[in-house]
Amino acid sequence: MIEVPAAVMIADKLASEVDFFSIGTNDLTQYIMAADRGNSTVAKLVDYCNDAVINAIAMVCQAGRNNEIPVSMCGEMAGDIQQTARLLTMGIDKLSASPSRLPALKAAIRTSH
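Under UniProt numbering, the first residue of the sequence shown carries the number 1, and numbering increases by one thereafter.
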């Protein structure tokens, strides 16, 4: 599970030891943005569309491609249909989302390919 910036930074090395990556966007975003999503004072700073988060996801996807392993994603971002095309373009192979989001997510995937 790629959930901390340190794992992103060594993703190429980790990829040689694992069969797949799963990016946990809720924790990864929280740690990159240094803002506890459970703390109402700073929760508004947690933005999974921030360039730092997007770049981290792209780095993990590239490491996956370089090592020929699949990359999946879970967390709020995985179910956000506004991000589906971007995630697929980056190289996300599988998305895990809450059941209520699946119909819209399936439609977004179909229209992005």
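Glycine included, every Cβ here is placed at the ideal spot set by N, Cα and C. None of these values were measured; they are calculated from a predicted model.
**Message:** Closest to M90 by C-alpha separation, out of L14, G64, Q30, V4, would be which residue?
**Reply:** Along the sequence shown, read from residue 1 onward, the residue named residue 90 stands at position 90. Ranking L14, G64, Q30, V4 by Cα distance to M90 puts G64 first.
**Prompt:** Secondary structure at V46, three-state DSSP: helix, strand or coil?
**Reply:** Locating residue 46 in the sequence shown gives position 46, where the first residue counts as 1. Looking at V46 - three-state DSSP - the assignment turns out to be coil, as it is neither helix nor strand.
**Item:** Residue range of the unbroken alpha helix (DSSP H) whose run includes V60
**Value:** Here residue 60 corresponds to residue number 60 of the sequence shown, with the count starting at 1. Counting along the chain, the alpha helix (DSSP H) containing V60 begins and ends at 51–66.
**Prompt:** Run through DSSP, which three-state label would I109 get?
**Reply:** Reading the sequence shown from its first residue, position 109 is the one you call residue 109. In the structure shown, I109 sits in a helix (DSSP, three-state: H, G or I).
**Message:** Could you pull the DSSP bridge partners for G24 from this structure?
**Reply:** Within the sequence shown, the letter at position 24 stands for residue 24. DSSP output for G24 lists C74 as bridge partner(s).
**Prompt:** What does S96 pair with, by DSSP beta-bridge criteria?
**Reply:** For the purposes of this step, residue 96 is identified with residue 96 of the sequence shown, where counting begins at 1. Paired residue(s): C74.
**Request:** Under 8 Å by Cβ, that's how I've got S22 and C74 pegged, so tell me the actual separation to the nearest angstrom.
**Result:** Residue 22 sits at position 22 when you count from the first residue of the sequence shown. Residue 74 sits at position 74 when you count from the first residue of the sequence shown. Indeed they touch by this definition, with Cβ atoms about 6 Å apart.
**Chain-order list of residues whose beta-carbon lies under 8 Å from that of A56 (same chain, five-residue window excluded)** = Here residue 56 refers to the residue found at position 56 of the sequence shown. If we look at A56 and ignore the five residues flanking it on each side, its Cβ neighbours are P5, V8, L28, I32.
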